[in-house]
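Just so you know, the sequences run in chain order A and B. Using my numbering, you'd call the opening residue of the first sequence number 3 and step up by one each time. Using my numbering, you'd call the opening residue of the second sequence number 3 and step up by one each time. Using N, Cα and C, we set each Cβ at its ideal position, and we do this for glycine too. Here the structure is a predicted model, which means the values were calculated and not measured.
Number of protein chains: 2
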Amino acid sequence: MPYFEALIDRAETLLAPVIRETPMEPSPALSRQLGVPAWLKLECLQITGSFKIRGALFALQELRDSGASTVATCSAGNHGLGLAYAASLAKLPARIYVPGQVDPAKVDLLKGMGAEVRISPHAGFDETEAWAKDEVRRDGIPFISAYDDELILAGNGGTMMREMRRQLPELETLIVPVGGGGLSGGMLLSAAAPRRLVATQTQASPALALSLKNGAAVTRMDSVETLAGGLEGGIGLLGFEALRKHGPQVIGVSEEEIRDGVRWTLATHRYLVEPSSAVAIAAARRPEIKVGGPTVVVLTGRNIGMDVLRGILG
Amino acid sequence: MPYFEALIDRAETLLAPVIRETPMEPSPALSRQLGVPAWLKLECLQITGSFKIRGALFALQELRDSGASTVATCSAGNHGLGLAYAASLAKLPARIYVPGQVDPAKVDLLKGMGAEVRISPHAGFDETEAWAKDEVRRDGIPFISAYDDELILAGNGGTMMREMRRQLPELETLIVPVGGGGLSGGMLLSAAAPRRLVATQTQASPALALSLKNGAAVTRMDSVETLAGGLEGGIGLLGFEALRKHGPQVIGVSEEEIRDGVRWTLATHRYLVEPSSAVAIAAARRPEIKVGGPTVVVLTGRNIGMDVLRGILG
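Okay, here's the thing in structure tokens:
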């Protein structure tokens, strides 16, 4: 797929001076458990606290090069944070739509980075995004989806996949959190893609499992309570198509397994991860997981609130 | 001091393929507070969880090159962990003496890395170290001090100082935890040394402040209860001499300020740090701190027990 590789090339060139090349750390504990050499990709140490800065920076720059003078997105989470940061670097105004049930601390954080924040009349993500898309269409502002956009797939999944392949050329299996499918889809579309991928979700919002069962992407889902808010909601068309073609093992994990995953990562490797990252650790600890050869668990972010962390540590 | 620079050269060459170049992260919150541009040196993200791997690897390799077939040290903390890891890489037997009051989990961790662990009949560090030195003298095994050894100063402080100078050439002020003085002393002896250094200690074990008052290094102190166990005990002669010549501002912080420092770092930058790191954050938040120009707070490690973390988060 030379077109997608060319996008990744452009994204890598743009990102190199700005983002961190995050470490690949061996995990003796997971290696024993899985029976293969296992690593953690420490993307939780990325600037802004998650991988989302990769796609946000790339998409923003591409839109700017096409003449956009403002950009918009819908996200109160890591993508919103990434886009607000990218916009502050590029000195481009950003408008960020957030669900009505947003944590006020996150609104302050986004405003502190200079973004304009619009709070939705709807509580959940999918309704908010639909409303936001109507608004920006009316105002003529380009909208950067958090997950269903080829620039986001190339920036997030494409660049990280190449980075991992350079760090560990013999990589065979990836264990990765899946929400909207932008990260995992971008990885699978890349020429550096792994032979095998384990897609991990929260059981509270199993869009990928439902989509594979239905044979079509479930793009909208009702809002639910889950610690892994970053993985909540429907799956994107682009990501789903890439995942469907690949045929990953899908593992859904419970809220209690997510809490265990956060504690395990702190206690065993001493890194802070957010619940949406911990789903991959939780899946790696399931007896039914199927891995082959050198295996990497992708830790996607560390943006966890102190109250949530306190609750998890108990 | 060309001899010390030559040592740092050798250490850098040895360490480059093994350790991480840890990031330098801007801190908007500390910049506002201090009134100067402020950064965090994220050495808490180093392999083995602290900077101690730098000196341990270098000292071990130098001793091995001089014909040693076993090495010994006294430390149940980060230096012991660093040396055990270095010895496992170099496939050289290591004997690690630990105080009688050691946490059994730490003994298991050291043994798991292949080290021989000898538990002291003495509870505290300084008595244990004196006993350990007698033992190894009898057995003819070279002893690597955790802090009072020029190889450790060059490996720990010397290499990190050069790395920070490359990352931030305009660096003027360093805020750094001081215990035995191996880190701060090595930084000050380096040609890359900062113009100004703020030495931070736990009030529970103020060896540097006492030594400056006495005009001579207080090399042994009674064992005390402190969260910052890595900074407990006397100061080394080499480190003290370098600090005395420089004339740093010395700030001693309380246990409650240390807890606040751990919480601040988690909440503001989302990194896990151990209490012995958090003293530097605590000092940076004191109104009497004197900084000038671009300022760096050195976060030295992340090895904190889950029970301690739980207690701090409350």
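Is it true that the CB of residue 31 of chain A sits closer than 7 Å to the CB of residue 270 of chain A? Translated into positions along the first sequence, residue 270 of chain A becomes position 268. Translated into positions along the first sequence, residue 31 of chain A becomes position 29. Contact: yes.
| message | Rounding to the nearest angstrom, what Cα-Cα distance links residue 307 of chain B and residue 290 of chain A in this structure? | response | Position 305 of the second sequence holds residue 307 of chain B. Position 288 of the first sequence holds residue 290 of chain A. For residue 307 of chain B and residue 290 of chain A, the distance between alpha carbons rounds to 31 Å.
Can you pull the chain B residues whose beta carbon is under 8 Å from the beta carbon of residue 51 of chain A, in chain order? On the first sequence, position 49 is the one that residue 51 of chain A refers to. Here the neighbours are 272.
Quick one: give me the first and last residue of the alpha helix (DSSP H) that residue 162 of chain A is part of. As a first step, residue 162 of chain A must be located in the first sequence, where it is residue number 160. Start and end: 161 to 169.
| message | To the nearest angstrom, how far is the alpha carbon of residue 317 of chain B from that of residue 44 of chain A? | response | Summary: the structure shown does not reach residue 317 of chain B, with chain B confined to residues 3 through 316, and so no result is reported for it.
ask   = Enumerated in chain order, which unbroken segments of the alpha helix (DSSP H) with a length of 4 residues or greater are wholly contained in the region 21 to 84 of chain A?
value = Fully enclosed alpha helix (DSSP H) runs of 4 or longer: 30 to 36, 54 to 67.
Open item on the list: Using C-beta distances below 7 Å, list every residue in its chain close to residue 66 of chain B, excluding the 5 sequence neighbours before and after it, in chain order.
Closed with: Looking up residue 66 of chain B in the second sequence gives position 64. Contacts found: 92, 94.
Examine chain B for any beta-carbon lying closer than 7 Å to the beta-carbon of residue 308 of chain A, and answer yes or no.
For the purposes of this step, residue 308 of chain A is taken as the residue at position 306 of the first sequence. Yes, because at least one Cβ of chain B sits closer than 7 Å to the Cβ of residue 308 of chain A.
If you draw a straight line from the alpha carbon of residue 272 of chain B to that of residue 55 of chain A, how long is it in whole angstroms?
-> Translated into the one-based positions of the second sequence, residue 272 of chain B becomes position 270. Translated into the one-based positions of the first sequence, residue 55 of chain A becomes position 53. When only Cα atoms are considered, residue 272 of chain B and residue 55 of chain A end up about 16 Å apart.
- beta strand (DSSP E) containing residue 173 of chain B: first to last residue? For this step, residue 173 of chain B is matched to residue 171 along the second sequence. Unbroken run through residue 173 of chain B: none, as it is neither H nor E.
Chain A contacts made by the region 15 to 48 of chain B, where a contact means CB separation under 9 Å = For chain A, the residues of the region 15 to 48 of chain B that bring a beta carbon within less than 9 Å of one of its beta carbons are 22, 25, 27, 30, 44, 46, 47, in chain order.
Roughly how many whole angstroms lie between the Cα atoms of residue 282 of chain A and residue 254 of chain A?
Locating residue 282 of chain A in the first sequence gives position 280, counting from the first residue. Locating residue 254 of chain A in the first sequence gives position 252, counting from the first residue. Between residue 282 of chain A and residue 254 of chain A, the C-alpha separation is close to 10 Å.
Three-way DSSP call (helix, strand, coil) for residue 240 of chain A in this model
Here residue 240 of chain A corresponds to residue number 238 of the first sequence, with the count starting at 1. Note: residue 240 of chain A maps to helix in three-state DSSP.
Checklist entry - Considering residue 300 of chain A, what are the terminal residues of the beta strand (DSSP E) in which it resides? => result Start at 1 with the first residue of the first sequence, and residue 300 of chain A comes out as number 298. Here the beta strand (DSSP E) through residue 300 of chain A covers 297 to 300.
- Contact set between residue 305 of chain A and chain B, taken where Cβ atoms lie within less than 8 Å: Position 303 of the first sequence, counted from the start, is the residue given in the question as residue 305 of chain A. When 8 Å is used as the limit between beta carbons, residue 305 of chain A is near these residues of chain B: 272, in chain order.
| task | Examine chain A for any beta-carbon lying closer than 7 Å to the beta-carbon of residue 312 of chain B, and answer yes or no. | result | Here residue 312 of chain B corresponds to residue number 310 of the second sequence, with the count starting at 1. Chain A contact via Cβ: present.
- prompt: With DSSP run on the structure shown, which of helix, strand or coil describes residue 182 of chain B?
  reply: Translated into the one-based positions of the second sequence, residue 182 of chain B becomes position 180. Coil, per DSSP.
When burial is assigned at 16 or more other CB atoms within 10 Å of the CB, is residue 252 of chain A buried or exposed? Counting from one through the first sequence, the residue named residue 252 of chain A turns up at place 250. Residue 252 of chain A is buried by the Cβ-count criterion.
- Query: If you draw a straight line from the alpha carbon of residue 207 of chain A to that of residue 231 of chain A, how long is it in whole angstroms?
  - Reply: By 1-based counting over the first sequence, the position of residue 207 of chain A is 205. By 1-based counting over the first sequence, the position of residue 231 of chain A is 229. The straight-line gap from Cα to Cα measures roughly 9 Å.
Beta carbon of residue 52 of chain B, beta carbon of residue 238 of chain B: below 7 Å? Here the question's residue 52 of chain B lines up with position 50 in the second sequence. Here the question's residue 238 of chain B lines up with position 236 in the second sequence. Between residue 52 of chain B and residue 238 of chain B, the gap from beta carbon to beta carbon reaches 7 Å or more.
Determine the contact status of residue 98 of chain B and residue 117 of chain B, defining contact as a CB-CB distance below 7 Å.
In the second sequence, counting from the first residue as 1, residue 98 of chain B sits at position 96. In the second sequence, counting from the first residue as 1, residue 117 of chain B sits at position 115. In contact: residue 98 of chain B and residue 117 of chain B (Cβ atoms closer than 7 Å).
> Below 8 Å, can you find three or more Cβ-Cβ pairs linking the region 161 to 171 of chain A to the region 203 to 218 of chain A?
Replying inline: The region 161 to 171 of chain A, when compared against the region 203 to 218 of chain A, does not touch it at the 8 Å Cβ threshold.
message = Using 7 Å as the threshold, is the C-beta distance between residue 154 of chain B and residue 184 of chain B below it?
response = Residue numbering aside, residue 154 of chain B sits at position 152 when the second sequence is read from its first letter. Residue numbering aside, residue 184 of chain B sits at position 182 when the second sequence is read from its first letter. Going by C-beta atoms, residue 154 of chain B is nearer than 7 Å to residue 184 of chain B.
Next on the checklist: Assuming residue 121 of chain B and residue 104 of chain B are in contact, meaning their beta carbons sit under 8 Å apart, how far apart are those beta carbons, in whole angstroms?
Outcome noted: The residue given as residue 121 of chain B occupies position 119 in the second sequence. The residue given as residue 104 of chain B occupies position 102 in the second sequence. Correct: roughly 6 Å between the Cβ atoms.
- Item | Three-pair Cβ contact test at 8 Å for the region 185 to 201 of chain B versus the region 215 to 225 of chain B | No: fewer than three Cβ pairs fall under 8 Å.
TODO: With distances taken Cα to Cα, identify the nearest neighbour of residue 246 of chain A among A/260, A/277, A/227, A/199.
DONE: Counting from one through the first sequence, the residue named residue 246 of chain A turns up at place 244. Here the closest residue by C-alpha is A/199.
Quiz item: According to DSSP, is residue 104 of chain B helix, strand or coil?
Solution: By 1-based counting over the second sequence, the position of residue 104 of chain B is 102. Residue 104 of chain B: coil per DSSP, three-state reduction.
| request: Determine the extent of the alpha helix (DSSP H) in which residue 221 of chain B is found, giving its start and end residues. | output: Along the second sequence, read from residue 1 onward, the residue named residue 221 of chain B stands at position 219. From DSSP, residue 221 of chain B is part of no alpha helix (DSSP H); its letter is neither H nor E.
Would you mind working out which of A/224, A/205, A/61, A/74 sits nearest residue 180 of chain A, comparing C-alpha positions?
Against the first sequence, residue 180 of chain A aligns to sequence position 178. Closest option to residue 180 of chain A, Cα to Cα, is A/205.
Discussion item. In whole angstroms, give me the CA-to-CA distance for residue 235 of chain B and residue 241 of chain B.
Written reply: Reading the second sequence from its first residue, position 233 is the one you call residue 235 of chain B. Reading the second sequence from its first residue, position 239 is the one you call residue 241 of chain B. About 14 Å.
- Any idea if residue 150 of chain A is buried or exposed, counting beta-carbon neighbours within 10 angstroms, 16 or more meaning buried? In the first sequence, residue 150 of chain A corresponds to position 148, counting from 1. Counting the other Cβ atoms within 10 Å of the Cβ of residue 150 of chain A gives 16 or more, which makes it buried.
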